[in-house]
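> Residue numbers (full-length UniProt numbering): 1 to 681. By construction, the Cβ of each residue, glycine as well, lies at the ideal position given by its N, Cα and C atoms. Supplied in structure tokens, the structure appears directly below.
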């Protein structure tokens, strides 16, 4: 018994797009080929979005999954798998889309509520699968519905609360749902409407003003706020103006408040009754007429010199009968100066400040606008100086001046002059700075500054022309002799500058593996001479000098190199010593050969032969090298004499004959350096 699956197909009847609540069938068909006509049981499994939703066994090759009322949760991808024996085959997937949603069901916890209470609503979408959105509406006549929405990721119902406000009488509520599918959002139809009746816990309060809401300042005004309440428990009455609570009472149905009216009491008053969440308000507008205008304070002068006379006068336009007082304003409290409409006083700088006057009529006190009085002390004679402290300027560098006045009422206006030109104006308390960046060598103009404030006097100070400091330029170092110096001789070093103001500070350094200060001196000259009496080998090195003055700029010369060599007499001594050694060596050789000859064992050369050897051997290898003359080092020559005796063994045998020590004899040589002295030294 052999079979094979040809195809497995899945179909949706009547259509892949189904309206919510309509029936739908998912049909799976398996096409099979058999070797003989035998009964074959097939296992059918239908999946939705990868999950098993239906299983059955059939011998006909067909299976059908019936959905009597399609819901949005039935939307998805369906697939069929058929298994027979050891063989399994699956169909392609088909997408089923259920359009629309079920109608939600809305219920209310209460059918009748009081103002201030809440209405709890329950909205459900039966047979719909989360996640879902729920929208609740509070509907009131002649107003736009209030909407709240809740997202429910795991439930097909939701609960919300609506507060019942003042003015709510008969309320209606409904809800609807929404879900998000692949094609976009789907919205259900609205639920049934639920009716809720609202009762008042108390009536709207009444607010009255006595004797009237239109009164004159200075009169007493009384406010009364009352209500009718069903239950006195937890009731509160509040009177407020511009969000400021004036008075409140609890567990009482009447509030009273009185005060002497002022212009500031004009405005809107609000009476509010609260009980639980319920509240009701009533408003009343009050107009307070002016009894008299604000007083006006006048000053004879607002800016004056110290020791001058100041008169302050207080008045009310069109009104004479009032109690006046003049005060000086202070941060820690006003100071009363006089209970009168006029005040005359001689002022000093401490009297600078703000002044007011007050007027009182029928217990109403009004205050004038403040008047600012400034009393000025004269500016003291200013001083003009250089910020650095020295009355001089470095050529090419800026000059900063400071003009200072230690006394005088600020602000003080400072003006800087260069010559007769005003260069800068500064307003400050006690001093001002001026920077002149244009300093030339031939700039002979002086500086001055003046200082003034609102006092009537002006002081001017003239500043002398500052001395000009010329910075050091082009330092150089020379020596006599230059380059090579004989050991023990004197050397003169000359450090000079091309330009610079005196005094000049000179320093001479030697640099080998480190820098060593050898000499320093300050003098009123553009050069300095330093003599080093006895030079030695340790004085060999690089020399340079550094020059500076009050411009505080170090200028360094180019370096020179000094080499200390042997003196002429030292070279002569060495040469004589070498010649003595050569003569001794020749004498020793002659003695040795004579000694051997006495014994008769060897043949010795004669004196003439040795002389010939010296001429032919030694003299042949004697060389003299004349060195080139060094510039500026004096008129002398230096040379080297090399003496070496290097005959072959055969030559020695021919001259001296064989000897026991001749085989191992070693040749010795020496080198002598000789200088030819300058006849003028």
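(1) Would you report the Cα separation of residue 457 and residue 378, rounded to the nearest angstrom?
(2) Return yes when the Cβ of residue 239 is within less than 9 Å of the Cβ of residue 263, no when it is not.
(3) In three-state DSSP terms, what is residue 39?
(4) Beta-carbon within less than 7 Å of residue 56's beta-carbon, same chain only, minus the 5 sequence neighbours each way: which residues are those?
(5) Tell me the DSSP secondary structure of residue 322 in three-state form.
(6) Can you say whether residue 169 is buried or exposed, counting buried as having 16 or more other CB atoms within 10 angstroms of its CB?
(7) Please report the distance separating the alpha-carbon of residue 485 from that of residue 396.
(8) Considering residue 171, what are the terminal residues of the beta strand (DSSP E) in which it resides?
(9) Alpha carbon to alpha carbon, how far is residue 154 from residue 13?
(10) CB-CB under 8 Å to residue 632, same chain, minus the five flanking residues each way: which ones, in chain order?
(11) Rounded to the nearest angstrom, what separates residue 347 and residue 304 at their Cα positions?
(12) Can you grab the Cα-Cα spacing for the pair residue 301 / residue 353, in whole Å?
(13) If you draw a straight line from the C-alpha of residue 651 to the C-alpha of residue 515, how long is it?
(14) May I ask you to report which of helix, strand or coil DSSP gives residue 573?
(15) DSSP three-state label for residue 359, please.
(16) With DSSP as the reference, label residue 7 as helix, strand or coil.
(17) So, under 8 Å CB-CB, residue 221 and residue 258 are touching, yes? Tell me the CB distance rounded to an integer number of Å.
(18) Leaving out the 5 sequence neighbours to the left and right, which residues in its chain are closer than 8 Å to residue 768 when beta-carbon positions are compared?
(19) By Cβ distance, which residues of its chain are closer than 7 Å to residue 49, with the 5 residues on each side in sequence left out?
(20) Cα-Cα, which of 183, 167, 501 is closest to residue 199?
(21) Would you check if the distance between the CB atom of residue 469 and the CB atom of residue 394 is smaller than 9 Å?
(22) Under three-state DSSP, which class holds residue 527?
(23) For residue 365 and residue 411, I'd like the C-alpha separation in whole angstroms.
(24) Nearest to residue 226 by CA position, among 274, 185, 338, is which residue?
(25) At the level of alpha carbons, what is the spacing between residue 494 and residue 392?
(26) Quick check on residue 49: does DSSP put it in helix, strand or coil?
(27) Select from 97, 81, 80 the residue whose C-alpha is nearest the C-alpha of residue 16.
(28) Buried or exposed, going by whether 16 or more other CB atoms sit within 10 Å of the CB of residue 285?
(29) Taking residue 142 as the reference, which of 119, 532, 115, 171 has the closest Cα?
(30) Between the C-alpha atoms of residue 282 and residue 409, what's the straight-line distance to the nearest angstrom?
(31) Helix, strand or coil for residue 166 per DSSP?
(32) For residue 100, decide whether its Cβ has a neighbour in chain B, counting only Cβ atoms nearer than 9 Å.
(33) Measuring CB atoms only, is the segment 542-561 touching the segment 498-506, in the sense that at least three cross pairs come out at less than 8 Å?
(34) Quick one, which of 450, 416, 165 has its alpha-carbon nearest residue 139's?
(35) Could you have a look at residue 251 and say whether DSSP puts it in helix, strand or coil?
(36) How do the segment 447-457 and the segment 400-407 stand: do at least 3 beta-carbon pairs fall below 8 Å, yes or no?
By the coordinates alone:
(1) 6 Å
(2) no
(3) coil
(4) 44, 63
(5) coil
(6) exposed
(7) 42 Å
(8) 170-181
(9) 31 Å
(10) Bear in mind that the predicted position of residue 632 carries a pLDDT of just 42, short of 50, making it unreliable; the figure below should be weighed with that in mind. 481, 482, 483.
(11) 9 Å
(12) 13 Å
(13) With a pLDDT of 47 at residue 651, under the threshold of 50, the predicted position of this residue should be treated as unreliable, though the coordinate-derived value follows. Going by the C-alpha atoms only, they are around 59 Å apart.
(14) helix
(15) strand
(16) strand
(17) 7 Å
(18) Nothing about residue 768 can be reported from this structure: the residues present for the chain run from 1 to 681 only.
(19) 76, 77
(20) 167
(21) yes
(22) strand
(23) 36 Å
(24) 274
(25) 29 Å
(26) coil
(27) 97
(28) exposed
(29) 171
(30) 59 Å
(31) coil
(32) Absent here is chain B; the protein component of the structure consists of one chain.
(33) yes
(34) 165
(35) coil
(36) yes
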